[in-house]
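> Could you have a look at this structure, given as structure tokens, before my questions?
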Amino acid sequence: EPEVTQTPSHQVTQMGQEVILRCVPISNHLYFYWYRQILGQKVEFLVSFYNNEISEKSEIFDDQFSVERPDGSNFTLKIRSTKLEDSAMYFCASRGTGAGGYTFGSGTRLTVV
Amino acid sequence: RKEVEQDPGPFNVPEGATVAFNCTYSNSASQSFFWYRQDCRKEPKLLMSVYSSGNEDGRFTAQLNRASQYISLLIRDSKLSDSATYLCVASKGGSYIPTFGRGTSLIVHP
Numbered sequence: 018e019p020e021v022t023q024t025p026s027h028q029v030t031q032m033g034q035e036v037i038l039r040c041v042p043i044s045n046h047l048y049f050y051w052y053r054q055i056l057g058q059k060v061e062f063l064v065s066f067y068n069n070e071i072s073e074k075s076e077i078f079d080d081q082f083s084v085e086r087p088d089g090s091n092f093t094l095k096i097r098s099t100k101l102e103d104s105a106m107y108f109c110a111s112r113g114t115g116a117g118g119y120t121f122g123s124g125t126r127l128t129v130v
Numbered sequence: 057r058k059e060v061e062q063d064p065g066p067f068n069v070p071e072g073a074t075v076a077f078n079c080t081y082s083n084s085a086s087q088s089f090f091w092y093r094q095d096c097r098k099e100p101k102l103l104m105s106v107y108s109s110g111n112e113d114g115r116f117t118a119q120l121n122r123a124s125q126y127i128s129l130l131i132r133d134s135k136l137s138d139s140a141t142y143l144c145v146a147s148k149g150g151s152y153i154p155t156f157g158r159g160t161s162l163i164v165h166p
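Line by line, the protein sequences are chains A and B.
The first sequence begins at 18 in this note's numbering and counts up one residue at a time.
The second sequence begins at 57 in this note's numbering and counts up one residue at a time.
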């Protein structure tokens, strides 16, 4: 079964440092998403990406966040200057056309110290 | 008002029980609906899509009531392995942005 791959599985970073979270969506999918989940809380939408541009973003996705699809397979989330409150599980998801659901990667656990 | 609301539970049931989860959504523009399952510290995994006509997959039955903006999930003959958090998801047409409920926790005990 096709899957969404995320790396690294766990990243520890110091406050103020930049991090890049990587995702390889399912190859024939066209819609890509980043979500985050703070421990014990709900899955929160960050940003969606379609046709090589951001299609929608949430209030959480402020100027310190950016996304890229640099080479047609990878989909990255960059956090420029991490804060303690950025500590969370970050999930990448993708979706094809049609009525199918969204496939999530196994997530990157980001810990900001 | 939260976009997707669920009773957080936990629902604590014995093996073999039937359990039902409910979910309401506030955005009438929502067009696609799903139930996801999430195990502790894991990613959400698609359990089933929800259609207006209702749909069944083995022990799981999902129903959608558009007029009431209400979605349900019924699990029959609960297994220990059904213990997880069940996430209700509504997605607007066009943008396909899925919005998650907080999830309902199910604990199935022997």
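Even for Gly, the Cβ is constructed at its ideal location relative to N, Cα and C.
#1: Do you know offhand how far residue 97(A)'s Cα is from residue 123(B)'s?
#2: What does the alpha-carbon distance come out to for the pair residue 141(B) and residue 118(B)?
#3: Could you give the residue range of the beta strand (DSSP E) that holds residue 53(A)?
#4: Please list the partners that residue 112(A) has in chain B, where partner means a Cβ-to-Cβ separation under 7 Å.
#5: Mind checking if residue 116(B) is an interface residue toward chain A, Cβ cutoff 7 Å exclusive?
#6: Quick one: Cα of residue 86(A) to Cα of residue 92(A), how far?
#7: Compare the beta carbon distance of residue 30(A) and residue 99(A) with 7 Å and say whether it is the shorter of the two.
#8: Quick one, which residues of the region 51-69 of chain A are near chain B if we go by CB-CB under 9 Å, in chain order?
#9: Under 7 Å between beta-carbons, which chain B residues line up against residue 118(A)? List them in chain order, please.
#10: In the DSSP assignment, find the beta strand (DSSP E) that holds residue 69(A) and state where it starts and stops.
#11: Would you tell me roughly how many angstroms separate the C-alpha atoms of residue 88(B) and residue 58(A), rounded to the nearest one?
#12: For a contact defined as C-beta to C-beta under 9 Å, what are the partners of residue 159(B) on chain A?
#13: Taking just the CA atoms, how far does residue 121(B) sit from residue 127(B)?
#14: Beta carbons nearer than 9 Å to chain A: which residues of the region 122-152 of chain B have them?
#15: Have a look at residue 128(A) and residue 64(A) and give me their C-alpha separation to the nearest angstrom.
#16: What is the rounded straight-line gap between the Cα of residue 115(B) and the Cα of residue 36(A)?
#17: Apply the 10 Å Cβ neighbour rule to residue 81(B) and answer buried if 16 or more other Cβ atoms are within range, or exposed otherwise.
#18: Considering just the uninterrupted stretch of the beta strand (DSSP E) at residue 112(B), what are its terminal residues?
#19: Touching or not, the region 105-121 of chain A and the region 92-111 of chain B, by the rule of three or more beta carbon pairs under 8 Å?
#20: So with CB distances below 9 Å, who are the chain A contacts of residue 77(B)?
#21: When we look at the beta-carbon of residue 81(A) and count the other beta-carbons within 10 Å, is it buried (16 or more) or exposed?
With the structure as the only source:
#1: Taking the straight line joining both Cα atoms gives about 44 Å.
#2: Looking at the two C-alpha atoms, the distance is approximately 16 Å.
#3: In the DSSP annotation of this structure, the continuous segment of the beta strand (DSSP E) that includes residue 53(A) starts and ends at 48-54.
#4: Near residue 112(A) (Cβ distances below 7 Å), the residues of chain B are 152.
#5: Cβ-Cβ to chain A under 7 Å: no for residue 116(B).
#6: Distance between the alpha carbons of residue 86(A) and residue 92(A) is about 5 Å.
#7: Contact: yes.
#8: Per Cβ criterion, the list reads 52, 54, 56, 58, 59, 60, 61, 62, 65 and 67.
#9: The contacting residues are 90, 102 and 105.
#10: First-last for residue 69(A): undefined, no H or E at that position.
#11: For residue 88(B) and residue 58(A), the distance between alpha carbons rounds to 23 Å.
#12: Result: 59 and 60.
#13: Going by the C-alpha atoms only, they are around 6 Å apart.
#14: Taking 9 Å as the Cβ-Cβ cut-off, the region 122-152 of chain B approaches chain A at 143, 145, 147, 151 and 152, given in chain order.
#15: Each residue's Cα considered, the two are about 20 Å apart.
#16: Within the model, the alpha-carbon separation for residue 115(B) versus residue 36(A) is close to 43 Å.
#17: Buried.
#18: 111-113 is the span of the beta strand (DSSP E), which, as asked, contains residue 112(B).
#19: The region 105-121 of chain A and the region 92-111 of chain B touch, with no fewer than 3 CB-CB distances between them shorter than 8 Å.
#20: Under the 9 Å cutoff, chain A gives no residues; its nearest Cβ is about 15 Å from residue 77(B).
#21: Exposed.
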